[in-house]
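Student:
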Amino acid sequence: MYHNGMYHFFYQYNPRGPTWGDGKLSWGHSVSGDLVNWADVGNALDPTSPFDVNGCWSGSATVLPGGRPAILYTGMDDANKAQVQNVAFAKNPSDPLLREWEKPSCNPVIPMPEDVTGNNFRDPTEAWRGRDGLWRVAVAAEVAGVGSLLVYRSADFLHWERNAGAPLHAASSRDGDGPAVLECPDLFPMAAPGAMEGLDVSASRAGVLHVLKLSDFAKEDHYMVGRYDDEKDTFTPAEPERGGDCANWRRLDHGHLYASKSFYDARKKRRVLWAWVDETDGGGEGRGWAGIQAFPRAMWLDTDGKRLVQWPVEEIETLRRKRVGLQWATEVEAGGRKEIAGIVSSRADVQAVFEIPNLEEAETLDPKWLQDPKGLCAEKGASVPGGVGPFGLLVMASGDLKEHTAIFFRVFKHLDTYKVLMCTDLTKSSTRAEGVKIPSYGAFLDVDVEKDKSLSLRTLIDHTVVESFADGGRTCMTARMYPEHAATSSSRLYAFNYGAGAVKVSKLEAWELATAAVNGGGHF
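For the sequence shown, full-length UniProt numbering assigns the number 1 to the initial residue and increments by one for each residue that follows.
(1) Just confirm the distance between the C-beta atoms of D26 and L45, as a whole number of angstroms; I'd bet it's less than 8 Å.
(2) Could you spell out where the alpha helix (DSSP H) holding K451 opens and where it closes?
(3) CA-CA distance, R323 and L508?
(4) Which first and last residues belong to the alpha helix (DSSP H) in which L376 is found?
(5) Taking the CB atoms as reference points, tell me whether I407 and T459 lie closer together than 8 Å.
(6) With DSSP as the reference, please indicate the residues paired to C56 in a beta bridge.
(7) Counting only runs that start and end within the stretch 130-164, where is the beta strand (DSSP E) found for 3 or more residues in a row?
(8) Can you give me the Cβ contacts of A348 inside the same chain, cut-off strictly under 7 Å, excluding the 5 residues immediately before and after it?
(9) Mind checking G147: buried by the 16 CB within 10 Å criterion, or exposed?
(10) Going by C-alpha to C-alpha distance, which of R205, A180, K504 and V353 sits closest to A192?
(11) Keeping to the same chain, check which residues put their C-beta closer than 8 Å to that of L64; ignore five residues upstream and five downstream.
(12) So is E231 buried or exposed if we call it buried at 16+ other beta carbons inside 10 Å?
(13) Please go through the same chain and pick out, in chain order, the residues whose beta-carbon is closer than 6 Å to the beta-carbon of F10, but skip the five residues on each side of it.
(14) Under a three-way DSSP split, which group does residue 559 fall into?
(15) Please list, in chain order, all residues of the same chain as G165 whose beta carbon is under 8 Å from its beta carbon, the five residues on each side excluded.
(16) Give me the residue from E142, L168 and Y152 with the minimum Cα distance to L182.
(17) Please classify residue 527 as buried or exposed, where buried requires at least 16 neighbouring CB atoms within 10 angstroms.
(18) Just how far apart, CA to CA, sit Y498 and A247?
(19) Given W369, which residues of its chain have a CB within under 6 Å of its CB, disregarding the five upstream and five downstream residues?
(20) If contact is defined by three or more beta carbon pairs under 8 Å, each pair taking one atom from either stretch, is the stretch 101-120 in contact with the stretch 81-93?
(21) What would DSSP say about H254, mapped onto helix, strand or coil?
(22) Mind listing, in chain order, the continuous beta strand (DSSP E) runs of no fewer than 3 residues lying wholly within the stretch 441-523?
(23) Between which residues of its own chain and S489 is the CB-CB distance below 6 Å, once the five residues before and five after are set aside?
(24) Please report the Cβ distance between W274 and K261, rounded to the nearest whole angstrom; I am assuming they are in contact, meaning their Cβ atoms lie under 8 Å.
(25) Please confirm whether V388 and I356 have their CB atoms less than 8 Å apart.
(26) Would you call the stretch 430-449 in contact with the stretch 474-483, where contact means no fewer than 3 C-beta pairs closer than 8 Å?
(27) Based on DSSP bridge pairs, tell me the residues matched to M6.
(28) Could you check which residue in L97, F121, V332 and E239 has the C-alpha nearest to that of W57?
(29) Is L457 closer than 8 Å to V420 when the C-beta atoms are compared?
(30) Kindly list the residues whose CB is nearer than 6 Å to the CB of H485, restricted to its own chain and excluding five residues on each side of it in sequence; keep chain order.
(31) As a quick exercise: from E220, P50 and N163, pick the residue whose alpha carbon is nearest that of H256.
(32) With respect to the alpha helix (DSSP H) encompassing R287, which residues constitute its N-terminal and C-terminal limits?
(33) By how many angstroms is the C-alpha of V344 removed from the C-alpha of P50?
(34) Between D52, G133, P93 and V137, which lies nearest to C106 when the distance is taken from Cα to Cα?
(35) Are T19 and A290 close, meaning C-beta to C-beta below 8 Å?
Structure representation (structure tokens):
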């Protein structure tokens, strides 16, 4: 949250080890003036009370009228390890660091409902105020075996009553034959389609669209744009044809990213999204942490009113140092590679525009892949020559190219048009024999490449993390990579084209990024 000139980040923290352990988690607390450099200010919450003694789990922060911040969070109680919802308040709201928090004795403020099954009742959203003046909060729950989102109302933030109507959202699991567990819900209003400014969570003027975001348990983050009615606490999706299973909604990120949360940044009048990216090499114990945060992203509604646009917050650009541009002729010939030299490419910000002079060589798309772009990326990875593509970037590459991660495009013919596939190919990202997950990620872009004849890409590289934003942030893809060569030698960066015809790089800028200060030092 943003409060009194500072950004506050609360996160799940185990003081006794880098991994989940016994689940008796605390809330770590870091503060920042710029969303880039962070300082630890000690734990905000610890599992010290009967209503959270087995763990202070996820939740959200809300700034109340008068400027007093409050936290709603899930606690594991001492009786049955039941998941209950608790509240805590900033002890001294005038302290810019908000170092002390107090839990009132009336906790839990929302006990486990009788119809919740599987002890799945957690992750309250940021609270918002309806036009009737009552506070509302949504909590993810498994109700009678169905993943649901329950809304509670309160006049004083202490006494909460469940909405008597149907859940805000309810759906069966991906395969339709078992319970669905949902996590880290988020419901927030958006400015008019195409407008980049954000709205406070309680904005409710006529015509305002909302986004409902859900995390499909331990899998992915999905969202739906729609209309929220604060009188009935109902949500009407803008794309009802996608159904009630959030697994069929739009993906927030097509790579490895989970448990995202957003907040309204009153300083810059924008909505900011921040997400968790856990380790994929099983190395949490030895490394000292089991997950990191991705780069913070500004987020707004696209002109179609159905999808989100995400872009790294502008403050990331303060880390830019040395810049390099095109160092060779703009054309990358068929089967060619051009090195982008002169910067430390293990932490870099790269922006490129690729122009495609000829689409005639595009391969024909087998319709079976239309619903499985990830599978298509695995089938036709960066090392598989094509017609138009693969072309893009090779990042964290060793000198002999035995290790590299490829972010690329490939164009296919489909009926009377063209489909653009975006991939992040990790299959050659590491030569480690075991323990490292090296999948391929994929997505089809919603672009008219026949008309535009160009594709844009921005890629942020931060040691073991690569985040890519295509088509101006309409398609995002995050991945983890663990190259062995990085321990003893520098990495290289290339533009490449393994298609049948030449590709023109009409724009290329790459910046070396400085190291951010994070809780005492180190990179993200």
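All C-beta atoms, glycine included, are put in the ideal place defined by N, C-alpha and C.
Keep in mind it's a predicted model, so treat the numbers as computed, not measured.
Tutor: Put simply:
(1) Position 26 of the sequence shown, counted from the first residue, corresponds to residue 26. Position 45 of the sequence shown, counted from the first residue, corresponds to residue 45. Before going further, note that residue 26 is Ser rather than Asp in the sequence given. About 6 Å separates the two Cβ atoms, so the contact holds.
(2) Looking up residue 451 in the sequence shown gives position 451. Counting along the chain, the alpha helix (DSSP H) containing K451 begins and ends at V449 to D452.
(3) The residue you call residue 323 lines up with position 323 of the sequence shown. The residue you call residue 508 lines up with position 508 of the sequence shown. Approximately 10 Å, taken between the alpha carbons.
(4) Position 376 of the sequence shown, counting from 1, holds the residue named residue 376. Note, L376: alpha helix (DSSP H), P373 to E379.
(5) Position 407 of the sequence shown, counted from the first residue, corresponds to residue 407. Position 459 of the sequence shown, counted from the first residue, corresponds to residue 459. Taking 8 Å as the Cβ cut-off, I407 and T459 qualify as a contacting pair.
(6) In the sequence shown, counting from the first residue as 1, residue 56 sits at position 56. Beta-bridge pairing links C56 to G75.
(7) 135-143 and 146-154
(8) Position 348 of the sequence shown, counted from the first residue, corresponds to residue 348. Counting only Cβ-Cβ distances below 7 Å, and skipping sequence neighbours, we find I461, L493, A510, W511, E512 and L513.
(9) The residue labelled residue 147 in the question sits at position 147 within the sequence shown. Flag for G147 reads buried.
(10) Walking along the sequence shown from the start, residue 192 turns up at place 192. Among R205, A180, K504 and V353, the Cα nearest to that of A192 belongs to R205.
(11) Here the question's residue 64 lines up with position 64 in the sequence shown. Excluding positions up to five away in sequence, the list reads A70 and F157.
(12) Reading the sequence shown from its first residue, position 231 is the one you call residue 231. The residue is exposed, with fewer than 16 neighbouring Cβ atoms inside 10 Å.
(13) As a position in the sequence shown, residue 10 is number 10, starting the count at 1. The answer, listed in chain order, is W27, H29 and A44.
(14) It is not possible to answer for residue 559, since the shown part of the chain is limited to 1 through 524.
(15) On the sequence shown, residue 165 is found 165 positions in, with the first residue counted as 1. Correct list, in chain order: K232, D233 and T234.
(16) Along the sequence shown, one-based indexing puts residue 182 at 182. Nearest option by C-alpha distance: E142.
(17) An answer regarding residue 527 cannot be provided, because it is not within the stretch 1 to 524 covered by the chain.
(18) The residue labelled residue 498 in the question sits at position 498 within the sequence shown. The residue labelled residue 247 in the question sits at position 247 within the sequence shown. Approximately 33 Å, taken between the alpha carbons.
(19) Within the sequence shown, numbered from 1, the residue matching residue 369 stands at position 369. Excluding residues within five positions, the ones whose Cβ falls inside 6 Å are L376.
(20) yes
(21) Against the sequence shown, residue 254 aligns to sequence position 254. Coil.
(22) 454-462, 465-470, 475-480, 492-497 and 503-513
(23) Your numbering for residue 489 matches position 489 in the sequence shown. Same-chain partners within the cutoff: there are none.
(24) Residue mapping note: residue 274 aligns to position 274 of the sequence shown, counting from 1. Residue mapping note: residue 261 aligns to position 261 of the sequence shown, counting from 1. 6 Å between Cβ atoms; contact.
(25) For the purposes of this step, residue 388 is taken as the residue at position 388 of the sequence shown. For the purposes of this step, residue 356 is taken as the residue at position 356 of the sequence shown. Yes, Cβ-Cβ distance for V388 and I356 is below 8 Å.
(26) yes
(27) Mapped onto the sequence shown, residue 6 falls at position 6. M6 is bridged to H3.
(28) The residue labelled residue 57 in the question sits at position 57 within the sequence shown. It is F121.
(29) Taking the sequence shown and counting its residues from 1, one reaches residue 420 at position 420. Taking the sequence shown and counting its residues from 1, one reaches residue 457 at position 457. In this structure, L457 does not lie closer than 8 Å to V420 by Cβ.
(30) Locating residue 485 in the sequence shown gives position 485, counting from the first residue. If we look at H485 and ignore the five residues flanking it on each side, its Cβ neighbours are S398 and E403.
(31) Position 256 of the sequence shown, counted from the start, is the residue given in the question as residue 256. Out of E220, P50 and N163, E220 has the C-alpha closest to the C-alpha of H256.
(32) One-based indexing of the sequence shown puts residue 287 at position 287. From DSSP, the alpha helix (DSSP H) with R287 extends over G284 to R287.
(33) Locating residue 50 in the sequence shown gives position 50, where the first residue counts as 1. Locating residue 344 in the sequence shown gives position 344, where the first residue counts as 1. If I take the Cα positions, the gap works out to 51 Å.
(34) The sequence position of residue 106 within the sequence shown is 106, counting from 1. Selected option, being the one with the closest Cα: D52.
(35) On the sequence shown, residue 19 is found 19 positions in, with the first residue counted as 1. On the sequence shown, residue 290 is found 290 positions in, with the first residue counted as 1. In this structure, A290 lies closer than 8 Å to T19 by Cβ.
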